[in-house]
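There are 4 protein chains.
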Amino acid sequence: MARVAVVGATGYAGAELIRILAGHPGVDLRLITSRQYAGVPIDSVYPAFHKRVDLVCEAYDADRVCREADVVFTALPHQLPMGIIPDLIRNGKRVIDLSADFRFRDQERYEAFYQPHTAPDLLAKAVYGLSEWYREQVRSARLIGNPGCYPTSILLPLLPLLKAGLIESRGIIADSKSGVSGAGRSASIGSLYCEVAESFKAYKVGNHRHNPEIDEVLSLSAGVDIHVTFIPHLLPMSRGMLSTIYATVRSGIDEQAVRDCLEAAYRDCSFIRILGPKKQPDTRCVRGTNFCDIGCYLDEKQRRLVLTSAIDNLVKGASGQAVQNMNLMLGYAETMGLDAVAYPL
Amino acid sequence: MARVAVVGATGYAGAELIRILAGHPGVDLRLITSRQYAGVPIDSVYPAFHKRVDLVCEAYDADRVCREADVVFTALPHQLPMGIIPDLIRNGKRVIDLSADFRFRDQERYEAFYQPHTAPDLLAKAVYGLSEWYREQVRSARLIGNPGCYPTSILLPLLPLLKAGLIESRGIIADSKSGVSGAGRSASIGSLYCEVAESFKAYKVGNHRHNPEIDEVLSLSAGVDIHVTFIPHLLPMSRGMLSTIYATVRSGIDEQAVRDCLEAAYRDCSFIRILGPKKQPDTRCVRGTNFCDIGCYLDEKQRRLVLTSAIDNLVKGASGQAVQNMNLMLGYAETMGLDAVAYPL
Amino acid sequence: MARVAVVGATGYAGAELIRILAGHPGVDLRLITSRQYAGVPIDSVYPAFHKRVDLVCEAYDADRVCREADVVFTALPHQLPMGIIPDLIRNGKRVIDLSADFRFRDQERYEAFYQPHTAPDLLAKAVYGLSEWYREQVRSARLIGNPGCYPTSILLPLLPLLKAGLIESRGIIADSKSGVSGAGRSASIGSLYCEVAESFKAYKVGNHRHNPEIDEVLSLSAGVDIHVTFIPHLLPMSRGMLSTIYATVRSGIDEQAVRDCLEAAYRDCSFIRILGPKKQPDTRCVRGTNFCDIGCYLDEKQRRLVLTSAIDNLVKGASGQAVQNMNLMLGYAETMGLDAVAYPL
Amino acid sequence: MARVAVVGATGYAGAELIRILAGHPGVDLRLITSRQYAGVPIDSVYPAFHKRVDLVCEAYDADRVCREADVVFTALPHQLPMGIIPDLIRNGKRVIDLSADFRFRDQERYEAFYQPHTAPDLLAKAVYGLSEWYREQVRSARLIGNPGCYPTSILLPLLPLLKAGLIESRGIIADSKSGVSGAGRSASIGSLYCEVAESFKAYKVGNHRHNPEIDEVLSLSAGVDIHVTFIPHLLPMSRGMLSTIYATVRSGIDEQAVRDCLEAAYRDCSFIRILGPKKQPDTRCVRGTNFCDIGCYLDEKQRRLVLTSAIDNLVKGASGQAVQNMNLMLGYAETMGLDAVAYPL
């Protein structure tokens, strides 16, 4: 049994971590921390946990975390993790960070879109936790920069096709739509029920910080500089993310070749489901699960490939993938604790 | 491993049975039937099951069901089950029926609100599957009449107080609110998204068929004739049911006495959570689970007790309680396969 | 054309006032104020107003308000209005206050549930703006205490029956359900989309401040002390309120007598629609309108009358009724600017 | 006052026509027809109309329609209108058809995607009712083929830029998202609340019948053959449509040039609102109105223009634009009866 701590337990990603870890047969969840709710039982913050999770939020105390846990999940706002993680690493802990602080290889890129990095030496040691693509590095990593939700939904369908040279690296577009939980649990007017219901709109057009993350991973993988036109939209629902991705197929490539490539790439990946012809993924079918469902369609008149991918932004897009990475690091079965089925409705 | 069949697998209750049974460690789900979708893989009807449930719907064939299964769940519209269950019982099967056909002890009452009963001899043998109250009878039963969702949410808070004589048997009101899934998966205009969203209303006022079911169970339990004023309402959400129940406490009874009585009654019941003072149940906190959360408040000026109970209408109100009953019948732990935690959001 | 100002224009009630007043043919909306958004065009705060309402929020300046407006709507949090209204009244303005500050006749009752009152002399002069019941007083009033949303939905069905002696004054219950907009536009976690969607619960049980307001008006009208057991619930939708009210009919009274009484009471009231037998009001059918739809049903076994009333909490429950009161004060047709039809879906 | 009939009054577009026409100062709505609800008062089908619209649905009778009405709106499923419209036209009626039957100039294209056309001679006489672009033809037309909702949302932002040569005609993508009301009021499982809530997905990918409509109008306008890659998605909300359109700007064109072109094209168009830099349209801000809000953004690294347009699919996307066309045909002010403001929330 791995001894585990969740630092930043009361945001949505933290709560989802607790939900998953509480039912994980290889985990002893010993410690959860929260600045805002220190001293408060977690089932007062999230009554869903009543009689299921019997933990009290604590103020963060590095010594105590190091004493109690071997694996530490940090689910804090950007900038905070880089202040506490170096210490945890020095103490031999395995750390899975859900913020952007350790997602970038390129310090400058991080600093251009976030802020000065105070632990740049760790950037090189951190592994980008897109589990299906960095599985071996994750297994031996001490520090995981867990991917953003949008990047996860966009990279999973694109990477096999780019690597195999089936699509052009130029002109890729990602039209993505996210449920409101992506904005977190902070009390902001834009996330109020009355502002979101019966509303749909694009937001942060041209300046969403997941764009450089997507670009970096694609560029590193393809070996050429890639820039994706990325347009995020806000959906009137709690959880779920769908990315509709447009790319140009190389001459001679048909829809079946694309599907074959995707299926081959993910043959041994339990969480990736490649849908058959004329089938489209639905966010509801991955809700609460670690699945990424992928559909594809080729508009032959334009040689335009349309990839669609659905994830739960809080699971495969955050906490579920974080646990998947923990499973890899600990030598557990990759699906351990992650075998939930989505509700049929 | 119990060999199990679900008859009527593609309605919402049937699909929810499949979801729960597919993850149940003591169940081998061998057979699912559907008139409408015979020959169709269940993951074509409910894509959420893709790569998780690998079964094809079959037309109902009594011989085949009897050969393949020891326990049969029937999730069919009222009137159909009484046509097929006698045969199953004769063949030694254990049957859990989710319709109203075997919920009543009083044949006349059933026939007044439904239709002529064609298997009246089984009414006396059937056990009303309100698990917490008929646990011993359920254990040895061959046929369970699984309770309706509204009755479950209303009976669980009321029964202990009526039995203990803390409340008057006259003048009880149940103001209940249900998510849309209670209407099932049939294509009716009233259940369309555009008819339900941003809508709230009472429906079937004065003629909902769960009213006689509630009245019968309360009357039998209390030993006096009880009639509840029951007003169901339709909520703009998929799952979840909350009943706000008004009763008059006997003289001298305070809120704490009520709470003590509820806690004592359900001390050993894993699925009943009695909330503390000033806490109110929320349907979201029981979503997808077999919990019934109960709150209470006494308006002392009127000696009016206000009980609130939240369930997931498809789980504790239907398929979850059905599996709980199966667990009891098979001598399994009562919570087996039913230990899900609700999503924190 | 009446010159009108809205003080507190950027909360939900303020915005709804602007929407209604901007289309009102007898109104010249000259001035809107907002502490938080002073200097900001209202169509930046509410883009729905783009090219329809061309006003800029101003900081509150009593002199300027007095100079520019003859009628002032105050849509501020409780306690603020009593600080500014005395000055407006002294300057001869007509004031319609949407807060609770001038709803009570009984200063002690106000202070028991809110805070010390700093303008108690105005309490006696203020008229409770339940338009259909205080029409004559409203016509000549200088200051209106505009009713709360819950009281409006509960008083309208009850008052005719209490006055006519058709129901008992004891034992009344109001089980009310409100959309989220009732909580206003403040950024609180409880009003976040992810906290409200697929959630339903009772809240502020036993201590909601609309309870004393309801009790005061009923008691004054009936001439006896009345206490209603009032249980508010939160609906997963933006707008709309439904109250299900339980009362005991006097001996010999049947459902038709109740309906006749309601119809007689509201014969000349354009905004009250009494529904026929077996019909139930739906919040969707009053959305965006000033209607109050009322249904009734008698459970004869218990002599229990069930009244259901639906309003839009922001219109008849706040800003629409405020404009209705303005119409009365100015001698306009009562329905002027308030003749919208709800969307059919 | 124009005498008006609505044929097919009980679908969502028909109901929305009634809502708008009932408040239109230049219209005398004399007659509504419905096969399914003949003899039923419209306020029984849509209780929102209670005490506002006092009409009874009738079976369709050509003579009666010709006697009673000068302007006829047909809101029927495709294929039915071409059976009845020739007769209406012969009788000198002005007809606005909301189906696809008269949207195409090219009979073959229509027949390839719908069915054989039985009134092909009228195709040449019908005017495509995209009001802002065919205003003069609409004014003198006898028969309007009212545009589809998706085409309206896609053509309005694209046409000015294509005509002005600011964007390439090749490689255009429209990623569109629609509320559920677009599927109409027929009872289909896919439109049930429980199937749509917390769900988002693409649908009819590669075979939506609005694609040839879009292509035809663009091709005719630009004088070259244009094919748009069009991917429709289903939003978990009732009304509203947002299209995110991707095109390549010609060399040297910047974002401001695009915005200037849009503003110039729509300078005198009351219903088109071009948003400023960094602003994005929101479906909520056009809900219930005839507005089309348009935003634009240029991703300069790729010379990729991103246009976003929001409409209410039932208003500007159907019934509102139909009334706008009627206004033009009758010489009324174009905005008559269409000046609603969206609810601020």
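Chains as they are written, first to last, in my numbering: chain A, 4 to 348; chain B, 4 to 348; chain C, 4 to 348; chain D, 4 to 348. Just so it is clear, CB atoms sit at the ideal spot from N, CA and C, and this is done for glycine as well. Computed from a prediction, not measured in an experiment: that's the story for all the values here.
* What do you reckon, are the CB atoms on B/V74 and B/M329 nearer than 8 Å? -> One-based indexing of the second sequence puts residue 74 of chain B at position 71. One-based indexing of the second sequence puts residue 329 of chain B at position 326. Their beta carbons are under 8 Å apart, which means B/V74 touches B/M329 by this criterion.
* For C/S191 and A/A200, believed in contact at Cβ under 8 Å, the rounded distance -> Here residue 200 of chain A is taken as the residue at index 197 of the first sequence, counted from 1. Here residue 191 of chain C is taken as the residue at index 188 of the third sequence, counted from 1. No, A/A200 and C/S191 are not in contact; Cβ-Cβ is about 16 Å, not under 8 Å.
* Does any C-beta atom of chain B lie closer than 8 Å to the C-beta of C/M339? -> For the purposes of this step, residue 339 of chain C is taken as residue 336 along the third sequence, with counting starting at 1. So, not an interface residue.
* To do: Taking all protein chains shown into account, decide if A/N350 is buried (16 or more other Cβ within 10 angstroms of its Cβ) or exposed.
  => Because chain A here runs from 4 to 348, residue 350 of chain A falls outside it and cannot be looked at.
* With a cut-off of 8 Å on the beta carbons, I'd call A/E219 and A/F107 a contact; round off their distance for me. => Numbered from its first residue, the first sequence carries residue 219 of chain A at position 216. Numbered from its first residue, the first sequence carries residue 107 of chain A at position 104. Contact holds; Cβ gap of about 6 Å.
* Asked: For C/C272, does the three-state DSSP call read helix, strand or coil?
  -> Within the third sequence, numbered from 1, the residue matching residue 272 of chain C stands at position 269. Coil.
* Asked: Using 8 Å as the limit for Cβ to Cβ distance, is B/E19 near chain A?
  -> Mapped onto the second sequence, residue 19 of chain B falls at position 16. For B/E19, the answer is yes, since a Cβ of chain A falls inside 8 Å of its Cβ.
* When the Cβ atoms of the region 85–103 of chain A are set against those of the region 146–159 of chain A, are three or more pairs found closer than 8 Å? -> In this structure the region 85–103 of chain A touches the region 146–159 of chain A; the number of beta carbon pairs closer than 8 Å is three or more.
* If you drop the 5 nearest sequence neighbours on each side, which residues of the same chain put their C-beta closer than 8 Å to that of B/T155? -> Position 152 of the second sequence, counted from the start, is the residue given in the question as residue 155 of chain B. Around B/T155: L133, C295, I314, K319, G320 and Q324.
* Is the Cβ of C/Q305 closer than 8 Å to any Cβ of chain B? -> Here residue 305 of chain C corresponds to residue number 302 of the third sequence, with the count starting at 1. Taking Cβ atoms only, chain B reaches closer than 8 Å to C/Q305, which makes this a yes.
* Give me the Cα-Cα distance between D/R138 and D/T36, rounded to the nearest whole angstrom. => Numbered from its first residue, the fourth sequence carries residue 138 of chain D at position 135. Numbered from its first residue, the fourth sequence carries residue 36 of chain D at position 33. Distance between the alpha carbons of D/R138 and D/T36: 29 Å.
* To do: Could you check the C-alpha separation between A/P347 and B/R253 for me, to the nearest Å?
  => Here residue 347 of chain A is taken as the residue at index 344 of the first sequence, counted from 1. Here residue 253 of chain B is taken as the residue at index 250 of the second sequence, counted from 1. One C-alpha to the other measures close to 45 Å.
* Asked: Whose Cβ in chain A lies nearer than 8 Å to the Cβ of B/V344?
  -> Looking up residue 344 of chain B in the second sequence gives position 341. Chain A residues near B/V344: R22, A25, G26, A51, F52, R55 and V56.
* In this structure, does DSSP put B/S224 in helix, strand or coil? -> Start at 1 with the first residue of the second sequence, and residue 224 of chain B comes out as number 221. It is helical.
* CB of C/L125 within 8 Å of CB of C/P89, strictly -> As a first step, residue 125 of chain C must be located in the third sequence, where it is residue number 122. As a first step, residue 89 of chain C must be located in the third sequence, where it is residue number 86. A contact, by the Cβ cut-off of 8 Å.
* Please confirm if B/R6 has its CB atom under 8 Å from at least one CB of chain A. => For the purposes of this step, residue 6 of chain B is taken as the residue at position 3 of the second sequence. Chain A, which has no Cβ nearer than 8 Å to the Cβ of B/R6, makes this no.
* If we ignore side chains and look at the alpha-carbon of each, how far apart do D/K180 and A/H120 end up? -> Residue mapping note: residue 180 of chain D aligns to position 177 of the fourth sequence, counting from 1. Residue mapping note: residue 120 of chain A aligns to position 117 of the first sequence, counting from 1. Distance between the alpha carbons of D/K180 and A/H120 is about 39 Å.
* Beta-bridge partners of B/R307, as assigned by DSSP -> Counted from its first residue, the second sequence places residue 307 of chain B at position 304. Partner(s): B/T251 and B/D302.
* Asked: Is there at least one Cβ from chain C nearer than 8 Å to D/P347's Cβ?
  -> Looking up residue 347 of chain D in the fourth sequence gives position 344. Yes, because at least one Cβ of chain C sits closer than 8 Å to the Cβ of D/P347.
* **Under 7 Å (Cβ pairs) to chain D, residues found in the region 276–301 of chain A** => Q283, P284, D285, T286, R287, R290 and Y300
* What does a CB cutoff of less than 8 Å around A/I234 pick up in its chain, not counting 5 residues either side in sequence? -> Your numbering for residue 234 of chain A matches position 231 in the first sequence. Same-chain partners within the cutoff: I176, A177, D178, S179, A205 and V208.
* To do: Would you tell me roughly how many angstroms separate the C-alpha atoms of B/S241 and B/V183, rounded to the nearest one?
  => Translated into positions along the second sequence, residue 241 of chain B becomes position 238. Translated into positions along the second sequence, residue 183 of chain B becomes position 180. Cα to Cα, the separation comes out at about 5 Å.
* **Segments of 3+ residues assigned as beta strand (DSSP E) that fall wholly inside the region 48–77 of chain B** => 74–77
* Are the beta-carbon atoms belonging to B/G291 and B/Y15 less than 8 Å from one another? -> Position 288 of the second sequence, counted from the start, is the residue given in the question as residue 291 of chain B. Position 12 of the second sequence, counted from the start, is the residue given in the question as residue 15 of chain B. Contact: no.
* C/Q283 to D/C197 span [Cα, whole Å] -> The residue given as residue 283 of chain C occupies position 280 in the third sequence. The residue given as residue 197 of chain D occupies position 194 in the fourth sequence. When rounded, the distance between both Cα atoms is 23 Å.
* Proximity to D/R55 [Cα-Cα], best of C/Q140, C/L265, C/S273 and C/N210 -> Residue numbering aside, residue 55 of chain D sits at position 52 when the fourth sequence is read from its first letter. If we check each option's Cα against that of D/R55, C/S273 comes out closest.
* Within this structure, are the beta carbons of D/I256 and D/Y269 separated by less than 8 Å? -> Residue mapping note: residue 256 of chain D aligns to position 253 of the fourth sequence, counting from 1. Residue mapping note: residue 269 of chain D aligns to position 266 of the fourth sequence, counting from 1. Not in contact: D/I256 and D/Y269 (Cβ atoms no closer than 8 Å).
* **Selection from D/N210, D/A25 and D/L331 that minimises the alpha carbon distance to D/A51** => Reading the fourth sequence from its first residue, position 48 is the one you call residue 51 of chain D. If we check each option's Cα against that of D/A51, D/A25 comes out closest.
* **For C/A205, the three-state DSSP class (helix, strand or coil)** => Residue mapping note: residue 205 of chain C aligns to position 202 of the third sequence, counting from 1. It is a strand residue.
* With A/I157 as the anchor, note down where its alpha helix (DSSP H) starts and where it stops. => The count along the first sequence starts at 1 and reaches residue 157 of chain A at position 154. Looking at the DSSP string, the run of the alpha helix (DSSP H) that includes A/I157 is C152 to K166.
* Taking 8 Å as the CB-CB cut-off, is A/C69 touching chain D? -> Within the first sequence, numbered from 1, the residue matching residue 69 of chain A stands at position 66. Taking Cβ atoms only, chain D never reaches closer than 8 Å to A/C69, which makes this a no.
* CB-CB length for A/I170 against A/T251, believed under 8 Å -> Here residue 170 of chain A refers to the residue found at position 167 of the first sequence. Here residue 251 of chain A refers to the residue found at position 248 of the first sequence. Between A/T251 and A/I170 the Cβ distance is about 6 Å, and since that is below 8 Å, they are a contact.
* Go ahead and pull the three-state DSSP assignment for D/P284. => On the fourth sequence, residue 284 of chain D is found 281 positions in, with the first residue counted as 1. Coil at D/P284, not helix or strand.
* So, D/P28 versus D/M339, is the Cβ gap smaller than 8 Å? -> Your numbering for residue 28 of chain D matches position 25 in the fourth sequence. Your numbering for residue 339 of chain D matches position 336 in the fourth sequence. In contact: D/P28 and D/M339 (Cβ atoms closer than 8 Å).
* To do: State the Cα-Cα distance for the pair A/V227 and A/R97, rounded to the nearest angstrom.
  => Locating residue 227 of chain A in the first sequence gives position 224, where the first residue counts as 1. Locating residue 97 of chain A in the first sequence gives position 94, where the first residue counts as 1. Whole-angstrom Cα-Cα distance: 32 Å.
* **Near-chain A residues of the region 204–217 of chain D - C-beta to any C-beta below 7 Å** => K204, A205, Y206, V208 and G209
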